[in-house]
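J.: One structure is given below, represented as structure tokens, and several questions about it will come after.
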């Protein structure tokens, strides 16, 4: 089968009419298959597109109509016809058959909607278009093919809804033309025919046969309103007025009236009122009532209109103009123009002087608004007030004395003049009258005569204060402002008196004017121009003072040198005449001359002498240059001043020179040289010039740098002495250079390094051929500011107030002076709300501030930012050009104190501050959190004592992923989980415990019934225990321990002591204690006593009474392990790594780890330690002995940190970081170690 069927055509087109019957042949399709036999047999089928309206004969290919066709439903069909052979495999071919449906006029027209309605006014004119009928025909495209007409039955209903009988008058009231338009045909009569129902027909004129549709048209004739509504009398259309009265201040909702109206041909639809602000009307009933407060003083007459509307068509209305007269009542208090009056009146004003006027207003009208004024008060008798105008005047002039009474308080009363006295209203206002000062008092000096002493060297610039005079004037203002002046003196005006302060100053130099003088002064009021004054006298003494030091004239230089030829250095040779002057006069200016030897002033030495009066310096004996060529002398010039003398020193060097020897020398006036050079300059910058002198006709001097230029920063011109830079100099590396430059006559002097090392600066400074040169490097602003860290982390409590320290930032600049001056400011304070990763923007103004020393402080209260965080952008900017800046960011978290963690360390705060970074780093590595330290303070124990050798470090942890503060419980869990990792870390930094900073406490409600039940149980328990103890005492029970068990116990306890006497922190010895505890739990604690043991126990009882316990009779001691002895399995199931003393959120105690030492105690206080857990065999003798000799409260540990309040917790003290086991007090007792909970 290799040929597929093929149709003769690819597309078939045909058309049929829609009214053809079912089974009509549409088209015959034929396909050809070139194969033979069964492979050529063809079957036809419609693949798609027939919509079940057509069918095909599968053998002949004839397509026929399968069901009724409808052009309006579908007018075209495109069917896919498939021809398949019967071969294997079956092959097929396809073709398309398109059938077009021809429309036929076979449908009748119909109205849309079938029942149509219309309305027409009763007064409509003939020919008025009432309605246009609407009908459609699916077979026609234009409405012109449709004809409209009326037909029977035509019926009517009157205005009362009754059917009209046999009358025919209404049937021709309307006319319908062929196009469907309905017109009024004659005058309408609504009273007889209110509704007319017309049967209408529509006919298709193009249909081959009659095609009609029937409908119903209902026309309603509407009434015409002719009579308007009318209000009740006295209203008339000619006088549409009403007048009412209402009392003011009536409650809202007070009824004014009820409007009533009638209508002859319709009913009342509603009442309407114009907006007036005071009344409202019920639209249905016409009730008029108040809707707001009515005040006569605001409105005396209210006018508005009320309109009534009927239900007719068109609606007709009538309007009533209403006037409401408001009746006045006394409902307003008088009100003063001011809440308080402040008046002023000069003192001593005569009676009748007007002080001021008080005014009040009353909003009421008539007599209710007229006022009468009165005054009351302590001083009301001194004043009068006009009852009508409120003018306040002086009544008693003598009462106005400002020095006695500066202010008067009165109360003014304004009362209205209501005819009924009981109905009168009044109000009050305070009146403050200030008594103005009048200059009626004289100033008074505190003293009549003042005494003063002043030294003649009293300072002039600024002038030295000698004494201060003072006068008082009770007047105020300018009248009481006293000015001081000198009236006369006998010292020539060399003093001046400050007019304002009364301080006496020297007005000119007092030098040479010693003696006693008298100065007359006055104090005048009125700023010095008033009519009143007072006089006083100043007695002053000027004392002569030695105030000047002697000044050397010869020698002039501080370090002078004199060269003497050796041949002239003979006895009595005048070396020089020393000369000094003193500006003081008299004995203060007399100068004597000395030589100073060993801090003693003498007139002569072995070689030289000086004349005390003339200052001649002479040689005492012949000097030999070969034996000593240089002499150092100290010259002294001292005055004879009193009370103290002054002296001045000069250093003189006497050089003996060979007659034929001459060296270049530097003058003392320029030695040392001081030069300045700016840093960062280029090479070969000239700094300065040094110059030596040589007594020679043709001097040739050469300059060499000996010391101070090891780094090669400078060089000196050998011939000119000019000093230059050899490279760029950095002040931050070296800001000062000290150079030693030698002047020599040798043009090629070479100084080896060894010679330089051997040079002594002391010798060089005394050598006149060597110049000392100071080179100061001037700063240039070439370094930018730098923060110590780019990012800082800090926290602040949400309860913080203003100006609390947040953190400290440190910015530095390597420059000097003003170039290193920085301005710190906060550029941005970016707020991140709780849980947000994006900032809400910078807060302005910033809630933080920064000081000049880098202290970041709060500038606002932090409560509103609780749990939020800030990123502060802090800028350090230079104040000098080029104003470089550095930026650091400070991350600040706002926390609650309950979010802090407390780390307890057995170290003082100073040491913890040094290791702070390492502690934070290790803790951050262990927890993988950002650790921020908030405070380090001294530790306070549970007894409230401050431990200066311990401290607490408060911190909070931040999750770096979410930037949120980690809860305290989570941090503590992570620290516990890293217990093994942190062992060495905690021991190294002496960390004792990590606990919440503030533990929450809860208090349950007190239940009296529960308390009574607990009390009853306690009483029953105590009774039961007492009964058991009593029975035991009667039977004389005794307990002993076998000797074999005691030997095992001693060996184990000895091993414990050896293991525990180490320097290990007790935090990390839990595993060892666990092992020993488990071993001891397996031991047999009690055994049956034998006779020898019973005897031994009896002996022990008697021995204990004497205070000498027998070791063999001691019981196995347990401290707080009753639970472990009775429940060993539960003890073994505890987690071995559970952190001891782990925090408990319900306990508010001092949760600390520490080293433990038991108190030294003997047998006498053993019972006190063990309490009721130890029962001696001798019937309680040991117990009574223990109680009698129990230690006092002072023996309790001075630092108890175990949170449990049981007795054992009071028997240990904490010292350092080492667990030290102390020995019992007994002499021959065995070692005991109490077991630890």
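Numbering (this note's numbering), first residue to last: 1 to 1237. For each residue, glycine too, the CB sits at the ideal point set by N, CA and C. As the structure is a computational prediction, the values presented were derived from the model and not from experiment.
Closest to residue 467 by CA distance: which of 474, 434, 537 and 401 is it?
T.: The closest CA to that of residue 467, considering only 474, 434, 537 and 401, is found on 537.
J.: For the stretch 779 to 787 against the stretch 752 to 764, do three or more pairs of beta-carbon atoms, one drawn from each stretch, fall closer than 8 angstroms, so that the two count as touching?
T.: Because the criterion of three Cβ pairs below 8 angstroms is not met, the stretch 779 to 787 and the stretch 752 to 764 do not touch.
J.: Report the rounded CA-to-CA distance for residue 568 versus residue 655, giving the unit in angstroms.
T.: 12 angstroms
J.: Exposed or buried, which one is residue 1097 when buried takes at least 16 other CB atoms within 10 Å?
T.: With a pLDDT of only 39 at residue 1097, under 50, the local geometry of the prediction cannot be trusted, and no value is derived from it.
J.: So, helix, strand or coil for residue 819, using DSSP?
T.: helix
J.: Less than 8 angstroms separating the beta-carbons of residue 471 and residue 523?
T.: yes
J.: Could you check if residue 906 is buried or exposed, using at least 16 other CB atoms within 10 Å of its CB as the buried criterion?
T.: buried
J.: DSSP three-state label for residue 143, please.
T.: helix
J.: With contact counted as at least three CB pairs below 8 angstroms, one residue from each stretch, are the stretch 209 to 229 and the stretch 109 to 120 in contact?
T.: The count of Cβ pairs closer than 8 angstroms, one atom from the stretch 209 to 229 and one from the stretch 109 to 120, reaches three, so the stretches are in contact.
J.: If residue 517 sits next to residue 490, beta carbons under 8 angstroms apart, how far is it from one beta carbon to the other, in whole angstroms?
T.: 6 angstroms
J.: From the DSSP output, which residues share a beta bridge with residue 479?
T.: According to DSSP, which records beta bridges pairwise, residue 479 is partnered with nothing at all.
J.: Where does residue 932 land, buried or exposed, given buried means 16+ other C-beta within 10 angstroms?
T.: buried
J.: Using 8 angstroms as the threshold, is the stretch 258 to 270 in touch with the stretch 290 to 300, meaning 3 or more CB pairs across them?
T.: Under the Cβ criterion (8 angstroms, minimum of three pairs), the stretch 258 to 270 does not count as touching the stretch 290 to 300.
J.: Could you tell me the distance, in whole angstroms, from the CA atom of residue 415 to the CA atom of residue 371?
T.: 5 angstroms
J.: Taking the alpha helix (DSSP H) that residue 909 falls in, what are its first and last residues?
T.: Residue 909 -> alpha helix (DSSP H) spans 909 to 914.
J.: Mapping DSSP to helix, strand and coil, what is residue 586?
T.: helix
J.: Of the residues 13, 993, 690 and 610, which one's Cα is nearest the Cα of residue 979?
T.: 993
J.: Residue 642 by DSSP, collapsed to three states: which one?
T.: coil
J.: Taking residue 431 as part of the alpha helix (DSSP H), name the residues at either end of that continuous run.
T.: It is not in any alpha helix (DSSP H) - residue 431 instead sits in the beta strand (DSSP E) that spans 426 to 436.
J.: Here's the rule I'm using: 16 or more other beta-carbon atoms within 10 Å means buried, otherwise exposed. How should residue 806 be labelled?
T.: buried
J.: Classify residue 583: buried if its beta carbon has 16 or more other beta carbons within 10 angstroms, exposed otherwise.
T.: exposed
J.: Please check the pair residue 824 and residue 874, which I expect to be a contact at CB under 8 angstroms, by giving their CB distance rounded to whole angstroms.
T.: Confirmed, Cβ separation roughly 7 angstroms.
J.: Using DSSP with H/G/I as helix, E/B as strand and the rest coil, what is residue 919?
T.: The answer is helix: DSSP assigns residue 919 an H, G or I state.
J.: Are there three or more Cβ pairs, one per stretch, closer than 8 angstroms when the stretch 586 to 599 is compared with the stretch 676 to 688?
T.: no
J.: Quick one: measure Cβ to Cβ for residue 608 and residue 620, integer angstroms, because I've assumed they're closer than 8 angstroms.
T.: 6 angstroms
J.: Please go through the stretch 784 to 813 and give each complete beta strand (DSSP E) segment of 3 or more residues, from N-terminal end onward.
T.: 791 to 797 and 805 to 808
J.: Under a Cβ-count criterion, where at least 16 other Cβ atoms within 10 Å of its own Cβ denotes burial, should residue 898 be classed as buried or exposed?
T.: Its Cβ having fewer than 16 others within 10 Å, residue 898 is exposed.
J.: DSSP puts residue 92 in a beta bridge; with which residues?
T.: 84
J.: Please name the residue, chosen from 919, 963 and 217, that lies closest to residue 151 on a Cα-to-Cα basis.
T.: Measuring from the Cα of residue 151, the nearest candidate turns out to be 217.
J.: Going by beta carbon distance, what residues of the same chain come within less than 6 angstroms of residue 922, once the five residues before and after it are set aside?
T.: 985
J.: Have a look at residue 889 and residue 926 and give me their C-alpha separation to the nearest angstrom.
T.: 26 angstroms
J.: Using the beta-carbon count (16 or more within 10 Å), is residue 878 buried or exposed?
T.: buried
J.: Quick one: Cα of residue 300 to Cα of residue 288, how far?
T.: 18 angstroms
J.: My understanding is that residue 326 touches residue 302, with C-beta atoms under 8 angstroms, so please give their C-beta distance in whole angstroms.
T.: 7 angstroms
J.: Assuming residue 959 is part of the beta strand (DSSP E), what are its boundary residues?
T.: 946 to 959
J.: To the nearest angstrom, how far is the alpha carbon of residue 870 from that of residue 821?
T.: 28 angstroms
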